Amino acid sequence: MPPELRKDVRLLGGLLGEVLTESEGPGLLEDVERLRHLLISGRARDEDELAAERLVEGWDLARAEQVARAFTCYFHLVNLAEDHHRARVLRSREHELGNLRESLAATVTEIRESQGEERLREQLRGLELRPVLTAHPTEARRRAVVSSIRRISTRLERLDDPRCSEQEAADARRSLLEEIEILWRTAQLRQTPLTPMDEVRSALAVFDWSLYDVAPRLYRDLDTILSPDDAGRRPPLVGAFLHMGSWVGGDRDGNPNVTSRITAQAMEEASAQAVRFLRARINAVAREITSDEEGTPPSAELVQRLAEAAAGDPERMDEILQRSPGEPHRQFLILLAETLPAALVEGTGARLLDDLRLAQRSLAEAGAGRTAYGRLQDLIWQVETFGLHLVELEVRQHSEVHARALEE
4 MPPELRKDVR
14 LLGGLLGEVL
24 TESEGPGLLE
34 DVERLRHLLI
44 SGRARDEDEL
54 AAERLVEGWD
64 LARAEQVARA
74 FTCYFHLVNL
84 AEDHHRARVL
94 RSREHELGNL
104 RESLAATVTE
114 IRESQGEERL
124 REQLRGLELR
134 PVLTAHPTEA
144 RRRAVVSSIR
154 RISTRLERLD
164 DPRCSEQEAA
174 DARRSLLEEI
184 EILWRTAQLR
194 QTPLTPMDEV
204 RSALAVFDWS
214 LYDVAPRLYR
224 DLDTILSPDD
234 AGRRPPLVGA
244 FLHMGSWVGG
254 DRDGNPNVTS
264 RITAQAMEEA
274 SAQAVRFLRA
284 RINAVAREIT
294 SDEEGTPPSA
304 ELVQRLAEAA
314 AGDPERMDEI
324 LQRSPGEPHR
334 QFLILLAETL
344 PAALVEGTGA
354 RLLDDLRLAQ
364 RSLAEAGAGR
374 TAYGRLQDLI
384 WQVETFGLHL
394 VELEVRQHSE
404 VHARALEE
């Protein structure tokens, strides 16, 4: 085992031991450790394997459940340490070796050298990536457990930061103990049967946890690799090529509980989540774009749109103007965030994209290229990728149902 990984496993295992002792007394940790050592030595010694069986048989049901739960938490933490170390190794290799094999940078270089710039741009224009979230209810972990593991990962990342002071490291360790205690006290199994909508919500949580941020980061990385010298101050060379699909809530061939009502509800929840995210993201970008109208004059088109909004809803615009006086680009973005639910009724993100690009053009024409093609471009990529529907739902039906429909 690599030393860094061994260090993380020992740290997390030791902290779990502290939590077990604090919560249940030293006896539980002693039972867990005795069983762990017997299972390790039992790989080579039959008598130790038999001793492990006798140890487990001697426990009452409550103790057996506690030990099983402790091992479950331990394996969660070991898997987390392995993931953490894998990311550490990849970062280290990229730092030492440059472009890693099969990375975006290596792929762009290879195509450029073998096929030329024109062919590279042609392939980018036709690029599509369509991952699909599949429905596997037996593999679904409780969202509370997954959330707890993610928080532990964040705390572990803090300890890996070489800039971390002694006090910060001590606080990170304390925070790790808190999160591991939460994991220990969180039921690993659901108290009620898993429903199709539970599956839907678990799948949608993946967008909050990673996919919203991964998409623009992917496009940004590729755009920078293509033309690093002017990246971030010119129109992007990369369009949105990632489009998410899902079976969850539409897999009627594999789950009799998935009905047309469930499918409709799955689409409604996905759209509602997309709107919540985009509204929050537009507001976040608006808070950062504070360019004043003297130094960054708005385009005539943007001025006209603000005037139309003021004529149509003077009370709303008056409130926005008071919040952001002299900041027309910020005013326009705030307006978009507040009227976004109306765009959902239209069922398309095209209008929202047009409006965001209008703001982007206005900023670029005023000379604020980095503002136009920075966070605002990330937001545009997110709208292009997820729209107001979030994910394309694939409705799957059993062939016998299709056959009956065709006969009728």
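Mapped onto the working numbering, the consecutive letters of the sequence shown carry residue numbers 4 to 411. Even glycine gets a Cβ: it sits at the ideal position worked out from N, Cα and C. Please read these numbers as outputs of a predicted model, since none were measured by experiment.
query                                                                                                                    : result
Cβ distance (whole Å) where L58 is taken to contact R37 below 8 Å                                                        : 6 Å
Residues near Y215 in its chain [Cβ-Cβ closer than 7 Å; skip 5 each side]                                                : F280 and Q385
Outcome for M4 when other beta-carbon atoms lying within 10 angstroms are tallied against a minimum of 16                : exposed
Which of helix, strand or coil DSSP assigns to L103                                                                      : coil
Stretch pair the region 28 to 36 + the region 90 to 100: three plus CB contacts closer than 8 Å                          : no
Spatial distance of L336 from F78 (CA atoms)                                                                             : 46 Å
Bounding residues of the alpha helix (DSSP H) (the contiguous stretch that carries G17)                                  : P6 to E27
For D254, the residue or residues it bridges with in DSSP                                                                : R399
Simplified DSSP state of L393, which is helix, strand or coil                                                            : coil
The region 369 to 377 in contact with the region 282 to 301 per 3-pair CB rule at 8 Å                                    : yes
Start-end ranges of the alpha helix (DSSP H) lying completely within the region 266 to 338, minimum 4 residues           : 303 to 315 and 317 to 326
Classification of T262 by the beta-carbon crowding that lies within 10 angstroms, buried from 16 upward                  : exposed
Member of E272, V35, G20 and A310 whose CA lies at the smallest distance from the CA of S205                             : E272
Unbroken alpha helix (DSSP H) run spanning S168, endpoints                                                               : Run containing S168: none; DSSP gives neither H nor E here.
Exposed unless 16 or more other CB atoms sit within 10 angstroms - verdict on E202                                       : buried
Local conformation of S230 per DSSP, three classes                                                                       : coil
Environment of Q118 [buried if 16+ CB atoms lie within 10 Å]                                                             : exposed
Outcome for Q380 when other beta-carbon atoms lying within 10 angstroms are tallied against a minimum of 16              : buried
Three-state class that DSSP yields for V135 in the structure shown                                                       : strand
T195 classed as buried or exposed, judged by whether at least 16 other C-beta atoms fall within 10 angstroms             : exposed
G30 in three-state terms, based on DSSP                                                                                  : helix
CB of D224 within 8 Å of CB of L240, strictly                                                                            : no
A208 - containing alpha helix (DSSP H), residue span                                                                     : P199 to V209
Beta-ladder partner(s) of G248, from DSSP                                                                                : V135 and E395
Local Cβ density within 10 Å of D1, reported as buried at 16 or more and exposed below that                              : Not covered by the structure: residue 1. The range shown for the chain is 4 to 411.
DSSP-derived helix/strand/coil call for Y222                                                                             : helix
Cα-Cα separation, S302 to S365                                                                                           : 5 Å
Closest Cα partner of M200 within the set I183, A138, R96 and A313                                                       : A138
Beta-carbon gap between A243 and I285 smaller than 8 Å                                                                   : no
Cβ neighbour criterion (16 or more within 10 Å) applied to P331                                                          : buried
V12 to I152 span [Cα, whole Å]                                                                                           : 14 Å
Selection from Y222, D256, D233 and G298 that minimises the alpha carbon distance to I383                                : Y222
Cut-off 6 Å between Cβ atoms - residues of its own chain near P238, not counting five sequence neighbours on either side : none
Local Cβ density within 10 Å of R94, reported as buried at 16 or more and exposed below that                             : exposed
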